[in-house]
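*Asks:*
2 protein chains.
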Amino acid sequence: MGDTTGADHAHMATRHRASRASALAIAVVAAFATTGACSLERPARGPTAGTTDVLPSWADTPTRQAIVDFVARVTTEGSPDFVPPGERLATFDNDGTLWVEHPVYTEVVFAIDRVAQLAAAHPAWRTTPPFADILAGHPERALAGGKQGILEIIMATHAGMTPDQFERDVDRWLATARHPRWDRPYTDLVYQPMLELLTYLRRHGFDVYIVSGGETDFMRAWTRRAYDVAPAHVIGTTAVLRFELQGGVPVLIREPKLLHVDDGPGKPEAIERIIGARPILAFGNSDGDLEMLQWTAGGRGARFMGLVHHTDAAREYAYDRDTEVGRLDQALDAAAAADWTVVDMKRDWATIFAFERPRER
Amino acid sequence: MGDTTGADHAHMATRHRASRASALAIAVVAAFATTGACSLERPARGPTAGTTDVLPSWADTPTRQAIVDFVARVTTEGSPDFVPPGERLATFDNDGTLWVEHPVYTEVVFAIDRVAQLAAAHPAWRTTPPFADILAGHPERALAGGKQGILEIIMATHAGMTPDQFERDVDRWLATARHPRWDRPYTDLVYQPMLELLTYLRRHGFDVYIVSGGETDFMRAWTRRAYDVAPAHVIGTTAVLRFELQGGVPVLIREPKLLHVDDGPGKPEAIERIIGARPILAFGNSDGDLEMLQWTAGGRGARFMGLVHHTDAAREYAYDRDTEVGRLDQALDAAAAADWTVVDMKRDWATIFAFERPRER
Chain A
2 MGDTTGADHA
12 HMATRHRASR
22 ASALAIAVVA
32 AFATTGACSL
42 ERPARGPTAG
52 TTDVLPSWAD
62 TPTRQAIVDF
72 VARVTTEGSP
82 DFVPPGERLA
92 TFDNDGTLWV
102 EHPVYTEVVF
112 AIDRVAQLAA
122 AHPAWRTTPP
132 FADILAGHPE
142 RALAGGKQGI
152 LEIIMATHAG
162 MTPDQFERDV
172 DRWLATARHP
182 RWDRPYTDLV
192 YQPMLELLTY
202 LRRHGFDVYI
212 VSGGETDFMR
222 AWTRRAYDVA
232 PAHVIGTTAV
242 LRFELQGGVP
252 VLIREPKLLH
262 VDDGPGKPEA
272 IERIIGARPI
282 LAFGNSDGDL
292 EMLQWTAGGR
302 GARFMGLVHH
312 TDAAREYAYD
322 RDTEVGRLDQ
332 ALDAAAAADW
342 TVVDMKRDWA
352 TIFAFERPRE
362 R
Chain B
2 MGDTTGADHA
12 HMATRHRASR
22 ASALAIAVVA
32 AFATTGACSL
42 ERPARGPTAG
52 TTDVLPSWAD
62 TPTRQAIVDF
72 VARVTTEGSP
82 DFVPPGERLA
92 TFDNDGTLWV
102 EHPVYTEVVF
112 AIDRVAQLAA
122 AHPAWRTTPP
132 FADILAGHPE
142 RALAGGKQGI
152 LEIIMATHAG
162 MTPDQFERDV
172 DRWLATARHP
182 RWDRPYTDLV
192 YQPMLELLTY
202 LRRHGFDVYI
212 VSGGETDFMR
222 AWTRRAYDVA
232 PAHVIGTTAV
242 LRFELQGGVP
252 VLIREPKLLH
262 VDDGPGKPEA
272 IERIIGARPI
282 LAFGNSDGDL
292 EMLQWTAGGR
302 GARFMGLVHH
312 TDAAREYAYD
322 RDTEVGRLDQ
332 ALDAAAAADW
342 TVVDMKRDWA
352 TIFAFERPRE
362 R
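Chains A and B are the protein sequences, given in the same order. Under this note's numbering, think of the first position of the first sequence as 2, with each following residue one higher. Under this note's numbering, think of the first position of the second sequence as 2, with each following residue one higher.
(1) How many Å lie between Gln315 (chain A) and Leu190 (chain A) at the Cα?
(2) Can you look up Ala137 (chain B) in the DSSP assignment and give me helix, strand or coil?
(3) Could you spell out where the beta strand (DSSP E) holding Ala233 (chain A) opens and where it closes?
(4) Going along chain A, which residues have a C-beta under 7 Å from Phe71 (chain B)?
(5) Of the residues that make up the region 268–281 of chain A, which ones have a beta carbon closer than 8 Å to any beta carbon in chain B?
(6) Would a C-beta distance cut-off of 8 Å place Ala303 (chain B) and Phe111 (chain B) closer than the cut-off?
(7) Which word fits Gly79 (chain A), buried or exposed, when buried means at least 16 other C-beta atoms lie within 10 angstroms of its C-beta?
(8) Express the C-alpha separation of Gly206 (chain B) and Thr77 (chain B) in angstroms, rounding to a whole number.
(9) Examine chain A for any beta-carbon lying closer than 8 Å to the beta-carbon of Thr35 (chain B), and answer yes or no.
(10) Short check: CB of Phe244 (chain B) to CB of Glu292 (chain A), under 8 Å?
(11) For chain B, is any of its Cβ atoms less than 8 Å away from the one on Phe244 (chain A)?
(12) When the Cα of Phe284 (chain B) is compared with those of B:Pro81, B:Ala160, B:Arg173, B:Ser213, which residue comes out closest?
(13) Relative to the C-alpha of Arg230 (chain B), which residue among B:Val55, B:Pro86, B:Asp94 is closest?
(14) For Arg226 (chain A), which residues from the same chain have a beta carbon less than 8 Å from its beta carbon, with the 5 sequence-adjacent residues on both sides left out?
(15) I'd like the span of the alpha helix (DSSP H) that includes Ala283 (chain B), first residue to last.
(16) Mind the definition here: the region 159–177 of chain A touches the region 244–262 of chain A only if three or more C-beta pairs lie below 8 Å; say whether that holds.
(17) Might you give, ordered along the chain, the residues of its own chain that have their beta carbon closer than 6 Å to the beta carbon of Asp345 (chain B), omitting 5 neighbours on each side?
(18) Between which two residues does the beta strand (DSSP E) harbouring Thr312 (chain A) extend?
(19) Less than 8 Å between the beta carbons of Ile236 (chain B) and Ala278 (chain B), yes or no?
(20) Can you tell me which of B:His234, B:Pro140, B:Tyr106 puts its alpha carbon nearest to the alpha carbon of Val116 (chain B)?
(21) I'd like to know whether the C-beta of Val230 (chain B) is nearer than 8 Å to at least one C-beta of chain A.
(22) At the 8 Å Cβ level, is Phe219 (chain A) part of the contact set with chain B, yes or no?
(23) Apart from the five residues on each side of it in sequence, which residues of its chain come closer than 6 Å, Cβ to Cβ, to Val75 (chain A)?
(24) Could you name the residues of chain A that Thr239 (chain B) contacts, counting a contact when the two beta carbons are closer than 7 Å?
(25) Taking 7 Å as the cut-off, does the CB of Lys148 (chain A) come closer than this to any heavy atom belonging to the ligand SAH?
(26) Should Pro63 (chain B) be labelled buried (16 or more other beta-carbon atoms within 10 Å of its own) or exposed?
(27) Measure from the C-beta of Gln295 (chain B) to each C-beta in chain A and report whether the shortest distance is under 8 Å.
(28) For Thr352 (chain B), count neighbouring Cβ atoms within 10 angstroms of its own Cβ and tell me buried if that reaches 16, exposed if not.
(29) Give me the DSSP bridge partner(s) of Phe93 (chain A).
(30) Which residues mark the beginning and the end of the alpha helix (DSSP H) in which Arg65 (chain A) is found?
(31) Mind checking which residues open and close the beta strand (DSSP E) that includes Asp1 (chain A)?
(32) Take Asp264 (chain A) and list the residues in its own chain whose beta-carbon comes closer than 6 Å to its own, dropping the five residues that flank it on each side.
(33) Does chain A have any CB closer than 8 Å to the CB of Leu253 (chain B)?
(34) For the beta strand (DSSP E) that Thr291 (chain A) lies in, which residues bound it at each end?
(35) Give the interface partners of Val209 (chain A) over in chain B, defined as CB-CB distance under 9 Å, in chain order.
(36) Among residues of its own chain, excluding the 5 on either side of Trp296 (chain B), which ones have a beta-carbon nearer than 6 Å to its beta-carbon?
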């Protein structure tokens with residue numbers, strides 16, 4: 002029983018650290034928060050449009066029609082644009098495309114929480130930026146350096162364990178962490194219209210991959226549950242793994258070193274390296290997706306390039322060219338020039354989150 | 002028509018270079034050739050055993066029984082060893098496990114042919130080892146340095162083009178190249194018993210991947226045709242890819258730089274990184290497969306670890322501890338210690354190649 006008491010004590014200490022960490026996370030979120038109304042009122046024409054069988058959370062606009070038309074063209078035998086099932090590859094960005102990324106990427110909130118949790122084992126962090134800033138209660142300073150500092154925090158806090166152990170840590174965190182705006186688990190903040198699109202594509206013989214700047218194992222912890230996407234269909238930023246025998250038992254250890262940054266040109270590179278085929282449909286929401294969309298557009302035959310444009314400050318967020326998180330600038334220009342499909346969230350999505358709707362079953 | 006003549010001339014020049022290159026390849030093969038009889042006589046008990054419906058090219062020995070028993074255990078609902086279909090992952094090495102690797106890896110023969118083909122565009126090669134040795138007609142010297150020199154040749158001759166262009170080059174080479182012992186295309190030299198095993202596993206709900214030290218794009222050029230394995234199921238040594246826009250057209254260029262060496266510990270590392278699940282069955286034939294087999298063995302539940310032991314100098318080759326190509330030494334000891342399944346090619350395979358058998362249909 003002494004062990005149990007010890008465990009309880011350790012558990013309480015962890016809880017204490019965790020609650021401190023959550024406060025820090027909220028501080029980050031506050032620091033990054035966009036201004037604007039946060040009421041959950043719906044746009045005027047959503048509800049009437051979201052009632053058909055196909056893609057019911059999409060409003061009845063040209064955007065939904067463009068998706069349905071494309072799928073019909075590539076799946077109808079005899080159509081000049083017909084694509085055999087084995088070649089119907091679709092790739093989706095994750096943050097900001099399939100789930101909420103504002104005011105700060107979910108994985109960054111997780112990493113900041115972990116800095117506080119792991120600080121006792123890393124005394125040097127107290128005096129080393131960017132960790133010192135987080136531990137001093139100023140995570141916004143740690144993140145001000147942009148992607149490099151964020152990657153440093155992620156690598157340091159996501160290393161030294163097996164992928165399995167790491168995924169369990171992510172699971173545990175997701176079970177208690179809440180997005181401050183909605184006070185809901187982050188996995189509630191997946192976009193219902195995009196879930197329907199993933200299902201719709203799979204039903205039409207598409208092979209659906211996630212291709213995201215997020216870390217592969219961070220996503221694998223929950224993408225099967227949230228999106229019905231298996232681990233082998235998750236391509237992300239990856240850490241180096243190191244194989245070793247620990248007392249005769251083979252283990253793989255996550256090293257604090259990046260093997261691949263799955264952002265910008267890294268996306269088509271990883272798609273080719275891992276899948277070995279070119280998507281016929283791709284969806285993103287930021288400049289980090291531009292090269293994936295260009296690569297998709299560059300193939301022969303019918304193609305669909307989509308961008309989620311965050312235009313709805315009332316129900317979600319409104320941002321594009323002027324944000325550090327999910328900036329959509331060059332890709333928005335490219336979409337206009339090449340006539341790619343831009344989803345206007347406010348106009349095209351009748352429902353954004355499943356929890357908005359009355360339960361139907 | 003002037004163009005056509007120019008093209009013909011270029012074509013003849015290519016043919017000339019190609020025939021010179023083939024002579025070089027044969028020299029390598031000769032240099033590496035193992036001694037021993039080359040007659041194609043069959044072992045005594047093969048033919049009578051290879052007549053059942055399940056795995057017909059396998060002799061009726063405990064090895065075939067072990068495979069069939071394992072598959073029955075993991076696929077029978079209610080069995081304590083039952084594994085749901087989505088978790089039936091099988092990984093296979095390629096060289097020496099699925100096709101012939103002696104006297105020299107096929108990809109090395111291809112690379113040596115390419116050194117001669119590409120030499121005009123790389124004048125420095127005439128004086129730079131290991132290329133100079135190949136161009137001077139001594140490929141065996143170029144290969145004497147072991148894996149590092151081989152990788153250098155492969156990287157230099159497999160870079161600067163798109164994966165598609167490279168795969169077309171591989172296709173063209175395979176169409177005319179012949180293994181000197183059998184005077185047949187290399188893709189004829191896949192092992193019939195292993196083809197049957199791949200099919201047998203897929204029919205029982207297994208997801209079959211190739212996990213090989215060979216270069217991913219080299220394999221992807223022909224693995225669908227030869228093994229019915231799609232590009233996304235081929236994991237190999239990979240070159241860095243670089244995305245760029247060429248006159249507005251997005252391309253991916255193979256760089257002369259390795260991203261991942263898929264050998265030894267690199268195999269379980271890539272399996273976890275790309276598939277994100279642990280195999281329940283793995284097959285290899287050399288020490289380069291040891292860590293993949295250990296990783297497979299280290300999982301919970303029923304497991305199958307297999308090694309192809311090349312014991313048949315009459316029908317194929319006989320080698321294990323004393324070869325530079327496909328050395329089987331530590332992995333053979335590990336198999337004995339842990340009771341993994343060792344396929345004795347001479348005893349366990351009634352037929353090795355499809356072309357040995359009279360046509361049945």
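The beta carbon of each residue, even a glycine, is placed where N, CA and C say it ideally should be.
*Replies:* Let me lay it out:
(1) Here residue 315 (chain A) is taken as the residue at index 314 of the first sequence, counted from 1. Here residue 190 (chain A) is taken as the residue at index 189 of the first sequence, counted from 1. Checking the displayed sequence, the identity of residue 315 (chain A) turns out to be Ala instead of Gln. C-alpha separation (whole angstroms): 15 Å.
(2) Here residue 137 (chain B) refers to the residue found at position 136 of the second sequence. Residue state, collapsed to three classes: coil.
(3) Here residue 233 (chain A) corresponds to residue number 232 of the first sequence, with the count starting at 1. No beta strand (DSSP E) contains Ala233 (chain A), which DSSP labels as neither H nor E.
(4) Against the second sequence, residue 71 (chain B) aligns to sequence position 70. Within 7 Å Cβ-Cβ: nothing; Phe71 (chain B) doesn't reach chain A, min ~20 Å.
(5) Pro269, Glu270, Glu273, Arg274, Ile275, Ile276, Gly277, Ala278
(6) For the purposes of this step, residue 303 (chain B) is identified with residue 302 of the second sequence, where counting begins at 1. For the purposes of this step, residue 111 (chain B) is identified with residue 110 of the second sequence, where counting begins at 1. In this structure, Phe111 (chain B) does not lie closer than 8 Å to Ala303 (chain B) by Cβ.
(7) As a working mapping, residue 79 (chain A) is identified with position 78 in the first sequence. So Gly79 (chain A) counts as exposed.
(8) Within the second sequence, the letter at position 76 stands for residue 77 (chain B). Within the second sequence, the letter at position 205 stands for residue 206 (chain B). Taking the straight line from one Cα to the other gives about 11 Å.
(9) Position 34 of the second sequence, counted from the start, is the residue given in the question as residue 35 (chain B). Caution applies to Thr35 (chain B), whose pLDDT of 39 falls short of 50 and renders its modelled position unreliable; the value that the coordinates give is listed next. No - not a single Cβ of chain A is within 8 Å of the one on Thr35 (chain B).
(10) In the second sequence, residue 244 (chain B) corresponds to position 243, counting from 1. In the first sequence, residue 292 (chain A) corresponds to position 291, counting from 1. Yes. Within cutoff.
(11) If you number the first sequence from 1, residue 244 (chain A) lands on position 243. With 8 Å as the cut-off, Phe244 (chain A) counts as an interface residue toward chain B.
(12) By one-based count along the second sequence, residue 284 (chain B) stands at place 283. Selected option, being the one with the closest Cα: B:Ser213.
(13) Mapped onto the second sequence, residue 230 (chain B) falls at position 229. Rather than Arg, the amino acid found at residue 230 (chain B) in this sequence is Val. Comparing Cα positions, the closest option is B:Asp94.
(14) Position 225 of the first sequence, counted from the first residue, corresponds to residue 226 (chain A). Closer than 8 Å at the Cβ level, and outside the excluded window around Arg226 (chain A), lie Thr188.
(15) Residue mapping note: residue 283 (chain B) aligns to position 282 of the second sequence, counting from 1. That residue, Ala283 (chain B), is in no alpha helix (DSSP H); its beta strand (DSSP E) goes 282–285.
(16) yes
(17) Residue mapping note: residue 345 (chain B) aligns to position 344 of the second sequence, counting from 1. Excluding positions up to five away in sequence, the list reads His310, Thr312.
(18) Working through the first sequence from its first residue, we reach residue 312 (chain A) at position 311. First-last of the beta strand (DSSP E) with Thr312 (chain A): 305–312.
(19) Indexing the second sequence from 1 puts residue 236 (chain B) at position 235. Indexing the second sequence from 1 puts residue 278 (chain B) at position 277. In this structure, Ala278 (chain B) does not lie closer than 8 Å to Ile236 (chain B) by Cβ.
(20) Along the second sequence, read from residue 1 onward, the residue named residue 116 (chain B) stands at position 115. The shortest C-alpha separation from Val116 (chain B) is found at B:Pro140.
(21) As a position in the second sequence, residue 230 (chain B) is number 229, starting the count at 1. No - not a single Cβ of chain A is within 8 Å of the one on Val230 (chain B).
(22) Here residue 219 (chain A) refers to the residue found at position 218 when the first sequence is read from its first residue. No - not a single Cβ of chain B is within 8 Å of the one on Phe219 (chain A).
(23) If you number the first sequence from 1, residue 75 (chain A) lands on position 74. Excluding residues within five positions, the ones whose Cβ falls inside 6 Å are Asp82, Val84, Ala303.
(24) The count along the second sequence starts at 1 and reaches residue 239 (chain B) at position 238. Arg274, listed in chain order.
(25) Looking for the ligand SAH in the displayed structure turns up nothing, as the structure carries no ligands at all.
(26) Within the second sequence, numbered from 1, the residue matching residue 63 (chain B) stands at position 62. The residue in question, Pro63 (chain B), is exposed, as its Cβ has fewer than 16 Cβ neighbours within 10 Å.
(27) To locate residue 295 (chain B), count along the second sequence from 1; it is residue 294. Closer than 8 Å to some Cβ of chain A, the Cβ of Gln295 (chain B) qualifies, so yes.
(28) Counting from one through the second sequence, the residue named residue 352 (chain B) turns up at place 351. When all chains shown are included, Thr352 (chain B) counts as buried.
(29) Along the first sequence, read from residue 1 onward, the residue named residue 93 (chain A) stands at position 92. Answer is A:Ile211, A:Phe284.
(30) Mapped onto the first sequence, residue 65 (chain A) falls at position 64. Element bounds for Arg65 (chain A): 63–76.
(31) Shown here, chain A extends from 2 to 362; a query on residue 1 (chain A) therefore has no answer.
(32) Mapped onto the first sequence, residue 264 (chain A) falls at position 263. If we look at Asp264 (chain A) and ignore the five residues flanking it on each side, its Cβ neighbours are Gly214, Gly289.
(33) Position 252 of the second sequence, counted from the first residue, corresponds to residue 253 (chain B). It does; some Cβ of chain A falls within 8 Å.
(34) Along the first sequence, one-based indexing puts residue 291 (chain A) at 290. Note on identity: in this sequence residue 291 (chain A) is Leu, with Thr being the wrong assignment. Taken as a continuous stretch (DSSP letters only), Leu291 (chain A) belongs to no beta strand (DSSP E), being part of the alpha helix (DSSP H) at 291–298.
(35) Locating residue 209 (chain A) in the first sequence gives position 208, counting from the first residue. Per Cβ cutoff of 9 Å: no residues; Val209 (chain A) is ~13 Å from chain B at best.
(36) The residue you call residue 296 (chain B) lines up with position 295 of the second sequence. Excluding positions up to five away in sequence, the list reads Pro269.
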